[in-house]
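Trainee: Numbering (the UniProt record's numbering), first residue to last: 1 to 370.
Idealized CB from N, CA, C, for every residue including glycine.
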């Protein structure tokens, strides 16, 4: 008995193909010949951009935050303080600025800081002229018209010529080369997906030997909230979902500025710690600031009551100091200054061109030796 009668017959089917077919017919009758061409995907030139943040969601968050004007102004304390500290760095640059760009202006916090009188003990009035006296025109751009125009009726608008411009995307700047004498940016760069490209554009629109000054959240900003929410997720849901946006590290900022073509770089870090009554107040303020979670593939919907209560308990257990009334929240600020290359700009001397030996200045010793 043959084994073949128990086996199912094998049917060989031709796979469908979308390739081109060429048939040749010679003088003698031969079977037709089919040539199969395989198609491969082609990658477009240029490096792909890693999309981290949903720009549409961030635009909606800003618009919604600006609808409640009183609450939005109350929660501007971080943005106003950082804008003031950023403008203080402009004091050391002894020049005038005919055209200045405020990149990601939010509610024009930089314009408000520029028009604020500066303390001066040598002056009879105790104050000096605001920095706005050295600026001829300020252009403020943002993606949210509601937030950008929120304070349009306040007095600071008359102290400085301001043009507000709504742009669809902060990552594509609609300005010609060599357009501005300075570019400022306060607390907007941390929402940019393609930061290297934006910095290169900023360098392009600056005039030669013009400065770029910026401040952004980075590093361990809200590390208390990040760790507490992760532990609360693990405890109540058995998994971790990102609730706090990823931020750039200070070690990366200098390299990004250098890659974009900036010279004479200065990067420094500063922490601002704010005390809140509880974590619910902290998250409510973040929403009112327009600084809610905008990660592209974040979990939709509000946090569950169980996770929120667990987060409150864990936050207090891990981060609340003895004797404190509330819980601390750390905002880490990265300040950066870079200059576009230009003629007459200070340049580092060539290696080995020094006339003095450091050992001679130290008395023939080394650092730390007497």
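Where in the segment 247 to 310 do unbroken runs of the beta strand (DSSP E), each at least 3 residues long, occur, reported from the N-terminal end onward?
Mentor: Within the segment 247 to 310, the complete beta strand (DSSP E) runs of at least 3 residues are 262 to 276.
Trainee: Assign residue 346 to one of three DSSP states: helix, strand, or coil.
Mentor: Residue 346 falls in the coil class under three-state DSSP.
Trainee: Using alpha carbons as the reference points, say which of 251, 248, 230 and 213 lies closest to residue 242.
Mentor: Ranking the options by Cα distance to residue 242, first place goes to 230.
Trainee: So within the segment 77 to 111, which uninterrupted beta strand (DSSP E) runs reach at least 3 residues, ignoring any that extend past its ends?
Mentor: For the segment 77 to 111, whole beta strand (DSSP E) runs of length 3 or above, ordered along the chain, are 97 to 103.
Trainee: Using a Cβ-Cβ cut-off of 6 Å (strictly less than) and excluding sequence neighbours within five positions of residue 110, which residues of its own chain qualify?
Mentor: 83, 102, 184 and 186, listed in sequence order.
Trainee: State the DSSP-derived secondary structure class of residue 150, mapped to helix, strand or coil.
Mentor: Note: residue 150 maps to coil in three-state DSSP.
Trainee: With burial defined as no fewer than 16 other Cβ atoms inside 10 Å of the residue's Cβ, what is the status of residue 123: buried or exposed?
Mentor: Residue 123 should be labelled exposed.
Trainee: Could you check where the beta strand (DSSP E) with residue 340 kicks off and where it finishes?
Mentor: Note, residue 340: beta strand (DSSP E), 327 to 340.
Trainee: With respect to the alpha helix (DSSP H) encompassing residue 75, which residues constitute its N-terminal and C-terminal limits?
Mentor: Run containing residue 75: none; DSSP gives neither H nor E here.
Trainee: Can you tell me whether residue 198 is helix, strand or coil according to DSSP?
Mentor: Three-state result, residue 198: helix.
Trainee: Quick test of the definition: if touching needs 3 or more C-beta pairs under 8 Å, does the segment 327 to 342 touch the segment 270 to 277?
Mentor: Touching, yes.
Trainee: List in chain order: all unbroken alpha helix (DSSP H) runs of 4+ residues lying wholly within the segment 213 to 250.
Mentor: Qualifying alpha helix (DSSP H) stretches, in chain order: 223 to 237.
Trainee: Can you tell me which of 253, 233 and 74 puts its alpha carbon nearest to the alpha carbon of residue 195?
Mentor: Considering only alpha carbons, the answer is 253.
Trainee: Quick check: the Cα distance between residue 310 and residue 94, rounded to an integer number of angstroms?
Mentor: The straight-line gap from Cα to Cα measures roughly 52 Å.
Trainee: Taking the alpha helix (DSSP H) that residue 167 falls in, what are its first and last residues?
Mentor: Element bounds for residue 167: n/a, residue is neither H nor E.
Trainee: With distance defined between alpha-carbon atoms, name the residue in 318, 74, 265 and 136 nearest to residue 228.
Mentor: Considering only alpha carbons, the answer is 318.
Trainee: Does residue 133 come out as helix, strand or coil in the three-state DSSP assignment?
Mentor: DSSP places residue 133 in helix when its eight states are reduced to three.
Trainee: Got a sec? Which residues, its chain only, sit under 8 Å from residue 270 by beta carbon, not counting five neighbours each side?
Mentor: So the list reads 85, 332, 333 and 335, once near-sequence residues are dropped.
Trainee: Between the Cα of residue 61 and the Cα atoms of 293, 182 and 313, which residue gives the shortest distance?
Mentor: Of the listed residues, the one whose Cα sits closest to residue 61 is 293.
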